[in-house]
Amino acid sequence: MKNNKCPICTGQQTLSSTTFTVDLGFGVVVVRHVPAQICEHCGAEWFDDATAEQLENIVNQAKIKHSMIEVSEYKNSINQAIAS
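Dropping the structure here:
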């Protein structure tokens, strides 16, 4: 993500990590340490396309398993750089 201005409030966005949650009705999916651009002013979170695709895959796997609670950790090189 190249634009560092939040499209909602025009605040400054910074690369960080967040916890992504989805309520599937029959269960909940929680993905920790997801890289995101997060607005310092309003807290809006934005995922790049590759991250969104991986989150979609994690949620789809939870749907297939019909898990009541699925907790996962997002792993990639960006997270390792943030953690350092």
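Residue numbers for the sequence shown follow the working numbering, so the first one is 361 and each next one is one higher. All C-beta atoms in this analysis are idealised placements derived from N, C-alpha and C, irrespective of residue type, glycine included. Computed from a predicted structure; not experimentally measured.
Rounded separation between residue i and residue j - CA only
i	j	result
THR381	GLN421	14 Å
MET428	ILE418	14 Å
GLY385	GLU400	31 Å
THR378	GLN397	9 Å
VAL394	GLU416	12 Å
ASN364	VAL431	30 Å
TRP406	LYS423	23 Å
TYR434	ALA410	12 Å
Buried or exposed (CB count within 10 angstroms, at least 16 for buried), residue i
i	result
THR374	exposed
THR370	exposed
VAL389	buried
GLN372	exposed
ASP408	exposed
Short CB-CB distance (under 8 Å) between residue i and chain B
i	result
ILE424	Among the chains in the structure shown there is no chain B, since it carries only a single protein chain.
Rounded Cβ spacing between residue i and residue j (contact assumed at less than 8 Å)
i	j	result
CYS366	ALA404	6 Å
Spatially closest choice to residue i from the options, by CA coordinates
i	options	result
SER376	GLY387, ARG392, HIS426 and LYS423	ARG392
ILE368	CYS402, GLY387 and HIS426	CYS402
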